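Written out below as structure tokens is the structure these notes cover.
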Amino acid sequence: MKPCKDQQFDASSYVDAFYATFDRVAGNANFHGLKPLPQMLSIGEISNEFLELMFPGRCGRDRAELGLQEILSAQMQEVCTQLKTQVFLACRYDDPSLDECEAQEKADSTVRKLCKLLPQLRIQLKMDAKAAFDGDPAARNIREVILSYPCIKTLTIHRIAHELFKMGVPLIPRMFNESAHKETGIDIHPGAEIGNSFFIDHGTGVVIGETTVIGNNVKLYQGVTLGALSFPKDACGSLIRGAKRHPTIEDNVTIYSNATILGDITIGKNAVIGSNVWIKESVAPNTMVTIQEPKITVRELRSRTN
9 MKPCKDQQFD ASSYVDAFYA TFDRVAGNAN FHGLKPLPQM LSIGEISNEF
59 LELMFPGRCG RDRAELGLQE ILSAQMQEVC TQLKTQVFLA CRYDDPSLDE
109 CEAQEKADST VRKLCKLLPQ LRIQLKMDAK AAFDGDPAAR NIREVILSYP
159 CIKTLTIHRI AHELFKMGVP LIPRMFNESA HKETGIDIHP GAEIGNSFFI
209 DHGTGVVIGE TTVIGNNVKL YQGVTLGALS FPKDACGSLI RGAKRHPTIE
259 DNVTIYSNAT ILGDITIGKN AVIGSNVWIK ESVAPNTMVT IQEPKITVRE
309 LRSRTN
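Note that this note's numbering has the sequence shown beginning at 9, numbered continuously upward.
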């Protein structure tokens, strides 16, 4: 058999047409020539380090020779140093007028503010873990919940990202939540406000929008969407960003699987929302909302013989 001739690939004949796309629509989607950006890989690693800080030993590291306070000190130093680097990069990208020292000061200030909030955040996460244990008869103990339940990983990252979001840190909060979304299938915007003792059972497919407000002791099941019904625009037709457009879920509400709740509406205290409902209007407190059960038809199949 005659050997095939190796065809050398030459990219130069294709580059001109590809290059021409870089000055067309959405030119600000290009990153060439910008300062270094935060990296999703690094954000994912930092997320895991925060889980280890909040629940020491969760990642399986053997530190038996150290006392708890030594472990916490070393872990906090490590994770905050990594976070500071990424916040520095985000600040320089977001505001090119900042010189290196100004960006470093901004990153340092951000990390210090977050460190002051960590005790409060850890208490909230312990309450979330207890809510998961109390709300799921399949859970053997709280340690199992912390180690394996996707909602705990998501909420750990979300509660940190939410504080960074409130501080106005660019890029990093959304990158945190997208890192969690990728691993757990739970999509929570860092702007969403979530109260104490929050439990997402199973979790896959849950979506919680930016301006959602969730009270205390709320339980969601898989596939729930807390989304926007419409997107308000200004006189020029551009989207008005930050306007309240997602639901408010009050205390002690349970929302079952695949329910869709849209718009700036309120689900009142102690309400129960059944599976597969589509809600666009507020629901009064102490109310149950369900859809009519579909009619099921059962018929006997004839035996098939060859």
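Even for Gly, the Cβ is constructed at its ideal location relative to N, Cα and C. Bear in mind the structure is a predicted one, so any value in this text is a computation, not a measurement.
Residue i bridges to which residues according to DSSP?
i: Phe-207; result: Lys-227
i: Lys-235; result: Note that residue 235 is Gly in the sequence shown, not Lys. Leu-270.
i: Met-183; result: Answer by DSSP bridge pairing: none, since Met-183 is not bridged.
i: Val-341; result: Within the shown structure, residues of the chain are numbered from 9 to 314, placing residue 341 beyond reach of any answer.
i: Met-62; result: DSSP, once it has assigned bridges, lists no residue as partnering Met-62.
i: Ile-168; result: Paired residues: none, contrary to the question.
i: Thr-262; result: Lys-227 and Val-280
i: Leu-247; result: Lys-241
i: Met-296; result: Val-280
i: Glu-6; result: The chain is shown from 9 up to 314; residue 6 falls before or after that span and cannot be answered.
i: Thr-256; result: Val-221 and Thr-274
i: Val-291; result: Ile-275
By how many angstroms is the C-alpha of residue j removed from the C-alpha of residue i?
i: His-319; j: Glu-60; result: The requested residue 319 is not part of the displayed model; the chain covers only 9 to 314.
i: Gln-90; j: Ser-50; result: 8 Å
i: Tyr-22; j: Arg-249; result: 39 Å
i: Cys-25; j: Ile-216; result: Cys is not the amino acid found at residue 25; the sequence shown has Ala there. Answer to the nearest angstrom: the Cα atoms are 40 Å apart.
i: Gly-176; j: Pro-158; result: 27 Å
i: Ser-265; j: Lys-124; result: 36 Å
i: Ser-156; j: Lys-303; result: 38 Å
i: Asn-317; j: Leu-234; result: Examination of residue 317 is not possible in this model, given that the chain is present from 9 through 314 alone.
i: Val-291; j: Gly-276; result: 6 Å
i: Ile-185; j: Leu-179; result: According to the sequence as given, residue 185 is Asn; it is not Ile. Approximately 10 Å, taken between the alpha carbons.
i: Asn-284; j: Ile-299; result: 7 Å
i: Phe-141; j: Ile-150; result: 6 Å
i: Ile-54; j: Val-87; result: 6 Å
i: Leu-106; j: Val-261; result: 45 Å
i: Gln-112; j: Arg-120; result: 12 Å
i: Lys-252; j: Ile-281; result: 22 Å
i: Ala-279; j: Asn-294; result: 5 Å
i: Ile-269; j: Glu-191; result: 24 Å
i: Ile-168; j: Glu-152; result: 22 Å
i: Leu-228; j: Leu-129; result: 21 Å
i: Asp-136; j: Pro-145; result: 15 Å
i: Glu-315; j: Pro-181; result: Examination of residue 315 is not possible in this model, given that the chain is present from 9 through 314 alone.
i: Gly-143; j: His-210; result: 12 Å
i: Gly-271; j: Asp-14; result: 60 Å
Would you say residue i faces chain D, with C-beta separation under 7 Å as the test?
i: Asn-266; result: The chain inventory of the structure shown lacks chain D, comprising one protein chain alone.
Around the C-beta of residue i, are 16 or more other C-beta atoms found within 10 angstroms, so that it is buried, or is it exposed?
i: Met-48; result: exposed
i: Glu-30; result: The amino acid at residue 30 is misidentified as Glu; the sequence shows Phe. Result: exposed.
i: Met-183; result: buried
i: Gly-223; result: buried
i: Met-296; result: exposed
i: Thr-164; result: buried
i: Ser-6; result: Given a span of 9 to 314 for the chain in the structure shown, any question on residue 6 remains unanswerable.
i: Pro-104; result: exposed
i: Tyr-231; result: Per the sequence presented here, residue 231 reads as Gly, with Tyr not at that position. The residue is buried, with at least 16 neighbouring Cβ atoms inside 10 Å.
i: Phe-17; result: exposed
i: Ala-115; result: buried
i: Ala-139; result: buried
i: Gln-85; result: exposed
Since residue i and residue j should fall inside the 8 Å C-beta cutoff, what is the C-beta to C-beta distance between them, to a whole number of angstroms?
i: Pro-64; j: Leu-80; result: 7 Å
i: Phe-239; j: Val-226; result: In fact, because the Cβ distance is near 25 Å, the residues do not count as touching under 8 Å.
i: Glu-218; j: Gly-199; result: 4 Å
i: His-254; j: Thr-220; result: 4 Å
i: Lys-161; j: Leu-237; result: In fact, because the Cβ distance is near 30 Å, the residues do not count as touching under 8 Å.
Could you check if residue i belongs to the surroundings of the ligand GTP, using beta carbon to heavy atom distance under 6 Å?
i: Ile-222; result: Within the structure as shown, the ligand GTP is missing, as the structure has no ligands at all.
**Report entry** alpha helix (DSSP H) runs contained entirely in the segment 10 to 93, provided each spans 4 or more residues
**Finding:** The qualifying runs are 20 to 27 and 48 to 62.
Query - alpha helix (DSSP H) runs contained entirely in the segment 123 to 170, provided each spans 4 or more residues - result: Taken in chain order, the whole alpha helix (DSSP H) runs of length 4 or more contained in the segment 123 to 170 are 150 to 156.
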